[in-house]
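S.K.: Sharing a structure with you now.
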Amino acid sequence: APAAVELPFQAEVQQVLALVINSLYTNQEVFLRELISNASDALDKARFLALTRSDAAEQQGEPGITITLDDTARTLTIEDNGVGMTRDEVVQNLGTIAKSGTLEFLKANAEASKKKDDGSKLQLIGQFGVGFYAAFMVASRVDVHTRSMLPGAEPVLWRSAGAGTFSLAAGDREHPGTRIVLHLKEEAKEYTKAWRVKEIIRKYSDFVHFPIKLNDELANRSTALWTLPKSQVTEEQHAELFHHVTSGYLGEKPLHHVHIAVDAPVQFYALLYIPEKAPPDMFQKDRQGIRLYAKRVLIMEDCDKLAPLYLRFLRGVVDSEDLSLNVSREILQESRTLSQIEQQITRQVLRALKDLAESDPEKYQAFWKEFGKVLKEGVSLDWKNKDQIAELCRFETLKGEAGKLTSLRQYVDAMPEDQKEIYYITGLGRAAVERSPHLEAFRKRGYDVLFMTEPVDEWLVKSLDEFDKRRLKSVTHGDVDLGESTEEKKTDEAAVDAAIKAVKEALGDRVKEVRASRRLTDSASCLVSAEGDPGANFERILKMMDQA
Ligand code: ADP
Ligand code: MG
């Protein structure tokens, strides 16, 4: 065989290599994700080539990826029977970087990554055409044995220690495909352990759609449920995926799922689960549970850009093809892509909840009991979808017995003809608000009153001025107008004036105003808030927050 030739890496590759090895990835184990992704790409390309070129060499065996570990030799070998590379392609793909803009981006990010180590941005770097070099984080030498499917292609052996040069020699592969041997560094010998390698495959590459065999056993699941037609996914499969994405901490099966497939403007799949029980950390707002995949490969475990805060009870998977393509150019485009995905998810989840409320009120009630508090935040956080979220809200009311929930729509539909506004009362719990003297007149008139008994309700009513063109009014506010009622007409004006005067003198400037009201029937007096004042309960909550 002809002697190997020694070639220098393109200058930029040397810089990228240094960046990759030293600072690009916070998580060394992603080297395997990168190599598996490349193998999967090669298998995809082979499939395509077999269909489009009759002169392509034939693939040997079933398409797949094989990983073998050797403890003694301290090697990890990954092999695919995909498209392979010609000699020129090897030089081109493993020795040069085509886009110089990529390097600048890498530099910018490597700088940023030194400052904060959350790693969220860097996880995406594998999409930038540098994934292969991740092998040098764990290997002191890498051998690539490859042979292209293209007619007349000779086998090639590429070899490098990742320091400045690589060598090229004739290889000995008989069939198309690529075998990459990593000679692991001493400190990376954990990657010869099957349990460790399996763990990594499970984490990042479980849904790569070619079989990955580890020491002759199947190590991945292959079927990305979210890419299947909705009707084909069984309840058992949902339960299994739910279990997988929640690590088994949130019960055996989900309460409900939302399966989304969108092609434009951004292609993505989403399979999102609503757990039966709220996770214990649901009120920690930084904890989100949606995984981001790019073409079936895990990119980020808890991505907080895929759904708004008030939908943080969702657990599951988002997978987009457009992500990687855009990411390879500009980070700005990428965040636009994510926000488009977020908007779609928001819309579709809200619609799914509406459907659920209509088709299965009992299940919806179970959902509401666990997650209503969180969803309600949306009324103040998302003015664009405020009305839809308001439709989804449920409250106890004056007329309904404890535990019976009413929607705003039901409230409005049941309003007597002479009632013009929607009335609510805020307070800490049903027992507390039920006793309020403010309710007397409403009881008497047969008007229902919404009980807003959770702290979040204070924010809700601040953001929701009206529903179905009817104003929301607190029963404690000064200008609630219940009109005249015959019985009350025969009050003695002079006696009332005298009483008001006496009370004013007694209370002094502790109150803004004392006035006669028609809202009470049994009680002698009550406190009301002036229009625009926060209201007594809200004042209490603000005080509590101040003390915290
Ligand atoms: P990216 O995958 O983002 O293009 P990589 O650095 O991971 O960047 O890989 C560089 C290129 O090397 C790939 O685009 C591909 O052309 C080639 N390559 C890598 N691994 C393989 C493989 N197993 N089979 C065929 N070609 C490969
Ligand atoms: Mg790659």
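Counting in the UniProt record's numbering, the sequence shown runs from 37 upward without gaps.
The beta-carbon is built from N, C-alpha and C at its ideal position, and this holds for glycine as well.
(1) Which value, in whole angstroms, describes the spacing of the CA atoms of residue 295 and residue 48?
(2) Report whether the distance from the Cβ of residue 122 to the nearest heavy atom of the ligand ADP is below 7 Å.
(3) Between which two residues does the alpha helix (DSSP H) harbouring residue 278 extend?
(4) Classify residue 495 as helix, strand or coil using the three-state DSSP reduction.
(5) Which residues in the same chain have their Cβ closer than 7 Å to the Cβ of residue 492, if we skip the five residues on either side of it in sequence?
(6) Give me the residue from 198, 451, 418, 406 with the minimum Cα distance to residue 50.
(7) Tell me which same chain residues have a C-beta within less than 6 Å of the C-beta of residue 642, skipping the five on either side of it?
(8) Rounding to the nearest angstrom, what Cα-Cα distance links residue 131 and residue 40 in this structure?
(9) Would you tell me roughly how many angstroms separate the C-alpha atoms of residue 183 and residue 97, rounded to the nearest one?
(10) Which same chain residues end up closer than 8 Å to residue 378 when comparing Cβ atoms and leaving out the 5 residues on each side of it in sequence?
(11) If you drop the 5 nearest sequence neighbours on each side, which residues of the same chain put their C-beta closer than 6 Å to that of residue 583?
(12) If you compare alpha carbons, which of 467, 487, 308 is closest to residue 510?
(13) If we ignore side chains and look at the alpha-carbon of each, how far apart do residue 475 and residue 336 end up?
(14) Return the CA-CA distance between residue 485 and residue 384, expressed in angstroms with no decimal places.
(15) Would you say the segment 100-116 touches the segment 202-211, given that touching needs at least three Cβ pairs under 8 Å?
(16) Taking just the CA atoms, how far does residue 349 sit from residue 443?
(17) Counting only runs that start and end within the segment 438-510, where is the beta strand (DSSP E) found for 3 or more residues in a row?
(18) For the pair the segment 165-182 and the segment 52-59, tell me if three or more CB-CB distances fall below 8 Å.
(19) Kindly give me the distance between the Cβ atoms of residue 357 and residue 331, rounded to whole angstroms, as I take these residues to be in contact under 8 Å.
(20) Am I right that residue 550 and residue 539 are in contact with their C-beta atoms under 8 Å? What's the rounded C-beta distance?
(21) With 16 as the cutoff for other CB atoms within 10 Å, does residue 107 come out buried or exposed?
(22) Which residue or residues does DSSP assign as beta-bridge partners of residue 433?
(23) Count the other CB atoms, across all protein chains shown, that sit within 10 Å of the CB of residue 263; report buried if there are 16 or more and exposed otherwise.
(24) Return the chain-ordered ranges of every beta strand (DSSP E) run that is complete within the segment 223-251 and spans a minimum of 3 residues.
(25) Could you tell me which whole beta strand (DSSP E) segments of length 3 or greater appear in the segment 75-112?
(26) Could you tell me which whole beta strand (DSSP E) segments of length 3 or greater appear in the segment 331-358?
(27) Since residue 353 and residue 329 are thought to touch, with beta carbons under 8 Å apart, how far apart are those beta carbons, to the nearest angstrom?
(28) Look at the alpha carbon of residue 374 and the alpha carbon of residue 255, and state the distance between them as a whole number of angstroms.
(29) Do residue 119 and residue 85 have their beta-carbon atoms positioned less than 8 Å apart in this structure?
(30) Does DSSP classify residue 325 as helix, strand or coil?
(31) Nearest by alpha-carbon distance to residue 472: which of 456, 434, 453 is it?
(32) Would the C-beta of residue 241 count as close to the ligand MG, meaning under 7 Å from any of its heavy atoms?
(33) How would you write the range of the alpha helix (DSSP H) that residue 397 sits in, first residue to last?
(34) Can you determine whether any heavy atom of the ligand ADP sits closer than 7 Å to the C-beta of residue 167, and answer yes or no?
M.R.: Working from what's here:
(1) Taking the first residue of the sequence shown as 1, we reach residue 295 at position 259. Taking the first residue of the sequence shown as 1, we reach residue 48 at position 12. Answer to the nearest angstrom: the Cα atoms are 43 Å apart.
(2) Here residue 122 corresponds to residue number 86 of the sequence shown, with the count starting at 1. Not so, every heavy atom of the ligand ADP lies at least 7 Å from the Cβ.
(3) Here residue 278 corresponds to residue number 242 of the sequence shown, with the count starting at 1. Here the alpha helix (DSSP H) through residue 278 covers 271-281.
(4) Position 459 of the sequence shown, counting from 1, holds the residue named residue 495. In the structure shown, residue 495 sits in a helix (DSSP, three-state: H, G or I).
(5) What you label residue 492 is simply residue 456 of the sequence shown in a count that begins at 1. If we look at residue 492 and ignore the five residues flanking it on each side, its Cβ neighbours are 409, 412, 413.
(6) Here residue 50 refers to the residue found at position 14 of the sequence shown. Of 198, 451, 418, 406, the residue nearest in Cα terms is 198.
(7) The requested residue 642 does not occur in the structure, where the chain is confined to residues 37 to 584.
(8) Taking the sequence shown and counting its residues from 1, the one referred to as residue 131 is at position 95. Taking the sequence shown and counting its residues from 1, the one referred to as residue 40 is at position 4. Cα to Cα, the separation comes out at about 16 Å.
(9) As a position in the sequence shown, residue 183 is number 147, starting the count at 1. As a position in the sequence shown, residue 97 is number 61, starting the count at 1. Computed Cα separation, rounded: 15 Å.
(10) Against the sequence shown, residue 378 aligns to sequence position 342. For residue 378, where only same-chain residues beyond five positions count, the Cβ hits under 8 Å are 341, 342, 343, 344.
(11) Numbered from 1 along the sequence shown, position 547 holds the residue referred to as residue 583. For residue 583, the predicted model reports a pLDDT of 46, less than 50, meaning its position is unreliable and no value from the coordinates is stated.
(12) Along the sequence shown, one-based indexing puts residue 510 at 474. Of 467, 487, 308, the residue nearest in Cα terms is 487.
(13) Along the sequence shown, one-based indexing puts residue 475 at 439. Along the sequence shown, one-based indexing puts residue 336 at 300. Between residue 475 and residue 336, the C-alpha separation is close to 52 Å.
(14) By 1-based counting over the sequence shown, the position of residue 485 is 449. By 1-based counting over the sequence shown, the position of residue 384 is 348. The straight-line gap from Cα to Cα measures roughly 31 Å.
(15) Short answer: they don't touch.
(16) Stepping through the sequence shown from its first residue, residue 443 is reached at position 407. Stepping through the sequence shown from its first residue, residue 349 is reached at position 313. In a straight line, the C-alpha of residue 443 is about 21 Å away from that of residue 349.
(17) Given a length threshold of 3 residues, each whole run of the beta strand (DSSP E) inside the segment 438-510 is given here in chain order: 458-462, 486-488, 506-510.
(18) yes
(19) Taking the sequence shown and counting its residues from 1, one reaches residue 357 at position 321. Taking the sequence shown and counting its residues from 1, one reaches residue 331 at position 295. Their Cβ separation, rounded to whole angstroms, is 6 Å, which keeps residue 357 and residue 331 in contact under 8 Å.
(20) Reading the sequence shown from its first residue, position 514 is the one you call residue 550. Reading the sequence shown from its first residue, position 503 is the one you call residue 539. Sure, about 5 Å apart at Cβ, within 8 Å.
(21) Indexing the sequence shown from 1 puts residue 107 at position 71. Exposed: under 16 other Cβ atoms inside 10 Å.
(22) Against the sequence shown, residue 433 aligns to sequence position 397. The partner list for residue 433 (beta bridge, DSSP) reads 486.
(23) As a first step, residue 263 is located in the sequence shown; it is residue number 227 there, counting from the start. It counts as exposed.
(24) Restricted to the segment 223-251, the beta strand (DSSP E) segments that are unbroken, complete and at least 3 residues in length are 248-250, listed in chain order.
(25) Listed in chain order, the beta strand (DSSP E) runs fully inside the segment 75-112 are 101-106, counting runs of at least 3 residues.
(26) Correct list: 333-336, 351-356.
(27) Translated into positions along the sequence shown, residue 353 becomes position 317. Translated into positions along the sequence shown, residue 329 becomes position 293. Their Cβ separation, rounded to whole angstroms, is 6 Å, which keeps residue 353 and residue 329 in contact under 8 Å.
(28) For the purposes of this step, residue 374 is identified with residue 338 of the sequence shown, where counting begins at 1. For the purposes of this step, residue 255 is identified with residue 219 of the sequence shown, where counting begins at 1. Distance between the alpha carbons of residue 374 and residue 255: 30 Å.
(29) In the sequence shown, the residue the question calls residue 85 occupies position 49. In the sequence shown, the residue the question calls residue 119 occupies position 83. Contact: yes.
(30) Your numbering for residue 325 matches position 289 in the sequence shown. Here residue 325 sits in strand by DSSP.
(31) Here the question's residue 472 lines up with position 436 in the sequence shown. For the residues 456, 434, 453, the minimum Cα distance to residue 472 belongs to 434.
(32) Here residue 241 corresponds to residue number 205 of the sequence shown, with the count starting at 1. Answer for residue 241: no, Cβ out of range of the ligand MG.
(33) Mapped onto the sequence shown, residue 397 falls at position 361. Here the alpha helix (DSSP H) through residue 397 covers 397-417.
(34) Position 131 of the sequence shown holds residue 167. Yes.
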